[in-house]
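These notes concern the structure reproduced below.
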Amino acid sequence: MANQKMLGFVHTAQKMPDKRSAADRRQDFAEIYARFSDERAGEQANRCSQCGVPFCQVHCPVSNNIPDWLKLTAEGRLEEAYEVSQATNNFPEICGRICPQDRLCEGNCVIEQSTHGAVTIGSVEKYINDTAWENGWVKPRKPARELGLSVGVIGAGPAGLAAAEELRAKGYEVHVYDRYDRMGGLLVYGIPGFKLEKDVVARRVQRLADAGVIFHSNFEVGRDASLAELRERHVTILVATGVYKARDIEAPGAGLKNIVPALEYLTTSNRVGLGDSVEAYEDGSLNAAGKKVVVLGGGDTAMDCVRTAIRQGATSVKCLYRRDRKNMPGSQREVAHAEEEGVEFVWQAAPEAFTGNDVVTGVRAVRIHLGVADATGRQTPQVIEGSEFTEPADLVIKALGFEPENLPGMFGSPDLTVTRWGTLLVDHRTKMTSLDGVFAAGDIVRGASLVVWAIRDGRDAAEAMHAYAQTVGAPKLAVAAE
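According to our numbering, the stretch in the sequence shown is residues 1 to 482, in order.
Printed below as a string of structure tokens:
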């Protein structure tokens, strides 16, 4: 019976009895996880077939050696499993929590393709690395020798932090500059605490500080120093600011009160969870408690918003998305969790206007028919005439995606070249921007993407910066020493 309960936790598709509330299920899951984690991790790891072609590893952006650390876990060699898992990933316990494994490693598991259910790779990864932290196996990566060269990193999100760790391990003096009061970027302020506990991020940041990385919080490039001034301080610079500008919607009534951007809503919720006093939460404008909530969008950010609204005590939560379920850009696992928690999805519906006088009272929408597929293979949305309807709403959250800010203007560097999408233009072989010695990585290069891709980009950029610094910086240092 215990094993059946344990496996019920592992396979999220297997639902608990309908009479149980979402809170009861989560509590039950937590108890089961605490009691059976050793057995569960070993049992799941044993399911790995050690196949000839490890598709799980092939589809992992950081090329995690998944079969090897699953094998070591199955054998009970957890410290060795940890060493393998952290060799290619700077934040494995974070990826174990928030990676969309259903679209990456687990979705390409050979066992999954054979319809027997994927090995729960993410849960095992989380277990391995949480065990490593509990046992003190996670140590700061201090360099064997100091190189005497200083590098700067703008942005303390996953790309910037991954690069900072790699550069510090090589012996550079690393300075990380971030506009927020806490390091972690979207890991802290954009992802809800029920998916990623904030102490998990904080201990990673502390580990970097223990290794010698120097953090500058509340630091805005362009206000506290220009990019040109930072270039004078450091031999090379990495720009890893992410993309924070919310995509907006132009429609009648879009300026009504209580129509808010997703990141503003999530940041407020996370600040409250961290113990901050936020006026917009306390006065109810960014608090879903007692409200009818409508979220616009179908990505992972939209799922974070609907699940946060449920936890804040919304009376109803609906998600409007213009395509159908199979075409959602977000994780299907997240959609399933949201449905279990009481979120209602209104598929193939697009907002046309917002009703209300001063404060929003509803979203006027139309039904959508998916027509012929375009060049990307996605079906083109077409409005169904006469299909208008109105969803009542006290709070509307716009989760329509993110775009880059105007970095050349913000940084006071008009010669910093951007693409037609506003992302930084880089040489994809070297990761260097149009400015000599200035590199870029993460979402500010590829657009809004996954945390694991940001980690990969940060690691790659660190290698390119190291090569540049050794070629250009080291000779300059030698001349100065003379």
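By construction, the Cβ of each residue, glycine as well, lies at the ideal position given by its N, Cα and C atoms.
Pairwise C-alpha distance: P261 and A246
Rounded to whole angstroms, A246 to P261 spans 7 Å at the Cα level.
For the alpha helix (DSSP H) containing F345, list its first residue and its last residue.
Run containing F345: none in the alpha helix (DSSP H); it sits in the beta strand (DSSP E), E344 to W347.
Which value, in whole angstroms, describes the spacing of the CA atoms of N64 and T430?
N64 and T430: Cα-Cα distance of roughly 23 Å.
Is L263 near A440, with beta carbons less than 8 Å apart?
No. Outside cutoff.
Between the C-alpha atoms of T315 and V306, what's the straight-line distance to the nearest angstrom?
C-alpha separation (whole angstroms): 12 Å.
Element boundaries [alpha helix (DSSP H), containing S123]
I121 to E134 is the extent of the alpha helix (DSSP H) around S123.
Sub-8 Å separation of I444 and G184 beta-carbons:
In this structure, I444 sits away from G184, with a CB-CB distance that is not shorter than 8 Å.
Alpha carbon to alpha carbon, what distance is there between K257 and I359?
Here residue 359 turns out to be Val, not Ile, going by the sequence shown. Distance between V359 and K257, taken at the CA atoms: about 5 Å.
Is it right to say G96 is buried, meaning 16 or more other beta carbons lie within 10 angstroms of its own, or is it exposed?
G96 should be labelled buried.
Excluding five sequence neighbours on each side, which residues of the same chain lie with their C-beta closer than 7 Å to the C-beta of Y244?
Contacts found: L263, F402 and E405.
Of the residues K139, Y281, I368 and G290, the one placed nearest Y321, counting alpha carbons only:
Ranking the options by Cα distance to Y321, first place goes to I368.
Let me make sure I understand the geometry here. Which of G253, A280, L435 and D276 has the alpha-carbon closest to that of Y265?
Scanning G253, A280, L435 and D276 for the CA closest to the CA of Y265 turns up A280.
With DSSP as the reference, please indicate the residues paired to A373 in a beta bridge.
Answer is Q379.
Grab the span of the alpha helix (DSSP H) containing H234 for me, first residue to last.
Per DSSP, H234 belongs to no alpha helix (DSSP H) and is neither H nor E.
Could you compute how far the alpha carbon of A302 sits from the alpha carbon of G76?
Linking A302 to G76 through their CA atoms gives a straight-line distance of about 39 Å.
Taking 8 Å as the cut-off, decide whether the C-beta atoms of A288 and P351 are in contact.
Result no, Cβ atoms of A288 and P351 do not sit closer than 8 Å.
Residues near H116 by beta carbon distance below 7 Å, same chain, minus five either side
Its pLDDT being 42, under 50, H116 is placed unreliably in this model, and the value from its coordinates should be taken loosely. Within the same chain, H116 has no close Cβ partners at all.
Minimum C-alpha distance to P381 - residue among M328, N270 and A164
The shortest C-alpha separation from P381 is found at M328.
Classify I444 as helix, strand or coil using the three-state DSSP reduction.
For I444, the secondary structure class from DSSP, reduced to helix, strand or coil, is helix.
Beta-carbon separation of D178 and A156 under 8 Å?
Yes, the pair counts as a contact, with Cβ atoms nearer than the cut-off.
What first and last residue would you give for the alpha helix (DSSP H) that runs through C319?
Note, C319: premise wrong, no alpha helix (DSSP H); beta strand (DSSP E) at S316 to Y321.
Could you tell me whether any non-hydrogen atom of the ligand ZN is closer than 7 Å to the CB of P408?
No copy of the ligand ZN occurs in the structure displayed, which carries no ligand at all.
So, under 8 Å CB-CB, I455 and V62 are touching, yes? Tell me the CB distance rounded to an integer number of Å.
6 Å between Cβ atoms; contact.
One or two residues paired with E391 in a DSSP bridge:
Bridge partners of E391: V363.
Rounding to the nearest angstrom, what Cα-Cα distance links G160 and R168 in this structure?
Note on geometry: alpha-carbon atoms of G160 and R168 lie some 12 Å from one another.
Where H428 falls, given that 16 or more other Cβ within 10 Å makes a residue buried
H428 should be labelled exposed.
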